[in-house]
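Enquirer: If you count the sequence shown from 1, position 426 lands on 422 in this note's numbering, and the numbers rise without skipping.
Glycine residues also receive a C-beta, built at the ideal position from the N, C-alpha and C atoms.
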Amino acid sequence: MRVSARIRWTLGVAALGLALPVVAQKSPTSLLPPGFGEPDSSPAPQTEPTPSSPRPASTTPGATPNLRLDMSAITGAPAPATNAAGESEDDEELTPEELAEQQAKYDLPETARRSLDRIGPLTPATGGIPANGFGRQSGQFLATLMRVSRAPFVSRWGSILLRRVLLSQTDTPGDIGGAEWAAERAWLLVRMGEADAARLVVQSVDNDQFTPRLYAVAMQTYLASADPTGLCPLYERAAADSTSPSWQMAHAMCASFSADQGTASALLNEAQRRGRVTGIDYRLTEKVVGAGANSRRSVKIEWDGVDQLTAWRYGLATAMNVDIPPALMNSAGSHVRAWQASAPMLSLPTRLPAVEAAARLGVFSSSALVDFYSQLAADESAPDEFRDRSDALRAAYAGGTIGDRVEAMRKLWGGSGEAAHFVGLLATARAAAALPVADADPADVNALVAAMLSAGYDNNAANWSRAVAAGQDDATADGWAMLAVGAPRLVVDITPGRAGNYAEGRGVKGQFLIAGLAGLARIGGAEAAQLAADNGFSLQPRSLWERAIDAAAQRGEPGTVALLAAIGMQVTDWRRMPAEHLYHIVSALHRVGLDPEARMIAAEAIMRT
């Protein structure tokens, strides 16, 4: 049964409240963009090695801070002039008889249609969560949470987990249609930088089951994938449900791909005559049409006067291997870099910063990062500054002695800034895991443990426990702290006294250790509460979000917990993450059987602060 409009409104308001975890401290800081709390104007609608476990492990739409997406497609409203389409007259539509005739040609027989009751490519046997992973939660409530969340999220491991959840073949909640449920999951994946994963969700629904919302999200997904040909099976039905000229432009491009240059030219000319698509958006569309068979169009793209990178501009430019000015790319969010990382039409040097951004976000695994580095090292066009890194990487994996390997790793860890350092850890994760336990410089021990845990080599990291077990000197304290929360079993001495000593003077890093230990139940409840109080935070749920994630864990809903965990990590820097949030996230994941992910998130919090 469908919920009433009033109930849907109530669920939306509740979800908006949950999307802003409130911390009871002197100066609580909003984790959402300005204007949060205003009514939502949109209509309702490769992984790392698995950490040790007995089971397999591993903003509002269009309002992302640094990239304007085609909101006309998402909402079904006329597109703004900055997108592929401008304010426009209505498209010419097929008559009902013509539309029925067209649909009959392509509709699947009933026996071949896929059910909308469960959508997604992953099952528990292939790394997904159980079908009932969201329990009996309202689909409208969950969809609102997805729409208002600000992706990407600060935790790499939290993002990896959420991707797996969103790809899982879960039961469609009773108060939302299956296609709408798929649309919200795919739209969140797009904003996380997971364009390829979003495609898998979109393609899990038969075309004749699409809704206007799913058509709109599919447009964004194929643009993020730089694959305009993906729009070809969709544009006829989509155009019947949307006034966005983007679908007319898709029709023109697909006609050109089919060598129907007459239709393609006519559609382009009509759009130009009506002023529906202009400037760089028209020229990029024209260039894609010019790439079709028998086309005689030659188009030169100039970016003068363009001050914004939209999804349409990114997708078509990338598909045609048109260089996007660095200033425009730099103005886009890291999720756009992650889209670019998987674009095979771009040169390897062009993709280098994108691949590193994708690795930081969890879109690329550490193994995929190393594989890319290996390809780039063999490319004659590789930049000179990359050569030193590639030589160091080769030595890190194949150096003649342990000392040679660690020295090479040290060069990769020494990048400028936290982002470069973290990429260095990811690149050397497998090399660090391959080292035998040996005497090493204490500072190197910390980095070796961090490198292994960054990519989930938790058993290998645990073997280094004796290198950090002696005394409480500061030199190996970070290694001890990461193993205290990240190892699959207790391999270092953990006492409230030692945890308190570590936390003293270390600010948020020390708070994270206490939050992680408490969430994993590796120190007693009363002792954990006292340690937290001594270090300026509380383990008691004091906000709507904290109570919600605790309740989802109590009900045993891993999907709901993973989504709420991401909601609690809507910051761009770990140092802005409240320790209370980390505690409730780690505790909830631990309680629903996602202990490996809980441990990796706790270790990541320590290593990245």
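Quick one: residues in its chain with C-beta nearer than 8 Å to the C-beta of Glu282, no 5 flanking neighbours on either side, listed in chain order?
Expert: Excluding residues within five positions, the ones whose Cβ falls inside 8 Å are Leu264, Arg293, Val295.
Enquirer: Got a sec? Which residues, its chain only, sit under 7 Å from Arg587 by beta carbon, not counting five neighbours each side?
Expert: Here the set comprises Ala549.
Enquirer: Cβ of Gly286 versus every heavy atom of the ligand COA: is any distance shorter than 7 Å?
Expert: The ligand COA is not part of this structure, which contains no ligands at all.
Enquirer: Please classify Ala323 as buried or exposed, where buried requires at least 16 neighbouring CB atoms within 10 angstroms.
Expert: When all chains shown are included, Ala323 counts as exposed.
Enquirer: According to DSSP, what are the bridge partners of Thr166?
Expert: Note: Thr166 sits in a beta bridge opposite Ile115.
Enquirer: Under 7 Å Cβ to Cβ from Ala446, same chain only, skipping five residues before and after it: list those, please.
Expert: Cβ neighbours of Ala446 beyond the five flanking positions: Leu421, Met478, Met603.
Enquirer: Please state if the CB of Thr225 and the CB of Ala179 are separated by a distance shorter than 8 Å.
Expert: Cβ atoms of Ala179 and Thr225: not closer than 8 Å.
Enquirer: Under three-state DSSP, which class holds Thr306?
Expert: In the structure shown, Thr306 sits in a strand (DSSP, three-state: E or B).
Enquirer: Between which two residues does the alpha helix (DSSP H) harbouring Val295 extend?
Expert: Here Val295 belongs to no alpha helix (DSSP H), and DSSP marks it neither H nor E.
Enquirer: With DSSP collapsed to three states, give me the class of Met448.
Expert: It is helical.
Enquirer: Quick one, are the C-beta atoms of Arg510 and Ala522 less than 8 Å apart?
Expert: Arg is not the amino acid found at residue 510; the sequence shown has Ile there. No.
Enquirer: Within a Cβ cutoff of 7 Å, which residues of the same chain sit near Ala404, ignoring the five residues on either side of it in sequence?
Expert: Around Ala404: Ala388, Ala391, Ala392, Gly395.
Enquirer: For Phe508, does the three-state DSSP call read helix, strand or coil?
Expert: Three-state DSSP puts Phe508 in a helix.
Enquirer: Distance check for Ala544 and Ala139, CA to CA, integer angstroms please.
Expert: Taking the straight line joining both Cα atoms gives about 15 Å.
Enquirer: Is the beta carbon of Val487 less than 8 Å from the beta carbon of Ser461?
Expert: In contact: Val487 and Ser461 (Cβ atoms closer than 8 Å).
Enquirer: Any idea if Gln21 is buried or exposed, counting beta-carbon neighbours within 10 angstroms, 16 or more meaning buried?
Expert: At Gln21, the pLDDT of 38 sits below 50, so the modelled position is not reliable; the number obtained from the coordinates is stated separately. Under this definition Gln21 is an exposed residue.
Enquirer: Can the beta-carbon of Thr159 be found closer than 8 Å to that of Glu190?
Expert: According to the sequence displayed, residue 159 carries Arg and not Thr. Contact flag set, yes.
Enquirer: Are the stretch 229 to 242 and the stretch 333 to 350 in contact at 8 Å, needing three or more beta carbon pairs?
Expert: The stretch 229 to 242 is not in contact with the stretch 333 to 350.
Enquirer: Tell me, please, whether the stretch 191 to 201 touches the stretch 217 to 232 by the rule of three or more beta-carbon pairs shorter than 8 Å.
Expert: Yes, the stretch 191 to 201 is in contact with the stretch 217 to 232.
Enquirer: So is Pro148 buried or exposed if we call it buried at 16+ other beta carbons inside 10 Å?
Expert: By the neighbour-count rule (16 or more Cβ atoms within 10 Å), Pro148 is buried.
Enquirer: Classify Asn62 as helix, strand or coil using the three-state DSSP reduction.
Expert: Only weak support is given to the placement of Asn62: the predicted model assigns it a pLDDT of 34, under 50, and the question is left unresolved by the model.
Enquirer: Given a cut-off of 8 Å, decide if Gly129 and Arg551 are closer than it, judged by their beta-carbon atoms.
Expert: Cβ atoms of Arg551 and Gly129: not closer than 8 Å.
Enquirer: Tell me whether the stretch 561 to 571 and the stretch 514 to 534 touch, counting them as touching only if at least three CB pairs, one residue from each stretch, are closer than 8 Å.
Expert: Contact fails: fewer than three Cβ-Cβ distances are below 8 Å.
Enquirer: Let's see if you can read the secondary structure: which residues bound the alpha helix (DSSP H) around Ile563?
Expert: Per DSSP, Ile563 belongs to the alpha helix (DSSP H) from 554 to 563.
Enquirer: Please report the straight-line C-alpha distance between Ala517 and Ala575, rounded to a whole angstrom.
Expert: Approximately 16 Å between the Cα atoms of the pair.
Enquirer: What number of angstroms, rounded off, separates the C-alpha of Arg209 from the C-alpha of Ala598?
Expert: Computed Cα separation, rounded: 36 Å.
Enquirer: Looking only at its own chain, which residues have a Cβ that is under 7 Å from the Cβ of Tyr231, when we skip the five neighbours before and after it?
Expert: Cβ neighbours of Tyr231 beyond the five flanking positions: Trp243, Ala246, His247, Cys250.
Enquirer: Compare the C-alpha of Val150 against each of Leu280, Glu414, Ala524 and name the closest.
Expert: Closest by alpha carbon: Glu414.
Enquirer: Given Leu656, which residues of its chain have a CB within under 6 Å of its CB, disregarding the five upstream and five downstream residues?
Expert: Nothing can be reported for residue 656: it is not among the residues displayed for the chain, which extend from -3 to 605.
Enquirer: Who are the near neighbours of Pro432 in its chain, counting only those whose CB is closer than 8 Å to its CB and skipping five residues on each side?
Expert: Once the five neighbours on either side are set aside, the close Cβ partners of Pro432 are Ile398.
Enquirer: Between Leu585 and Asp167, what straight-line distance do the alpha-carbon atoms span, to the nearest angstrom?
Expert: Approximately 20 Å, taken between the alpha carbons.
Enquirer: For a test of the three-state rule: what should DSSP assign to Met573, helix, strand or coil?
Expert: Reduced to three states, the DSSP call for Met573 is coil.
Enquirer: Asn326: buried (16+ other C-beta within 10 angstroms of its C-beta) or exposed?
Expert: With fewer than 16 Cβ atoms within 10 Å of its Cβ, Asn326 is classed as exposed.
Enquirer: Taking just the CA atoms, how far does Gly124 sit from Ala337?
Expert: So the alpha carbons of these two residues sit roughly 24 Å apart.
Enquirer: Given Thr255, which residues of its chain have a CB within under 7 Å of its CB, disregarding the five upstream and five downstream residues?
Expert: First, the residue type needs correcting, since residue 255 is Ala and not Thr in the sequence shown. Excluding positions up to five away in sequence, the list reads Gly288, Ala289, Asn290.
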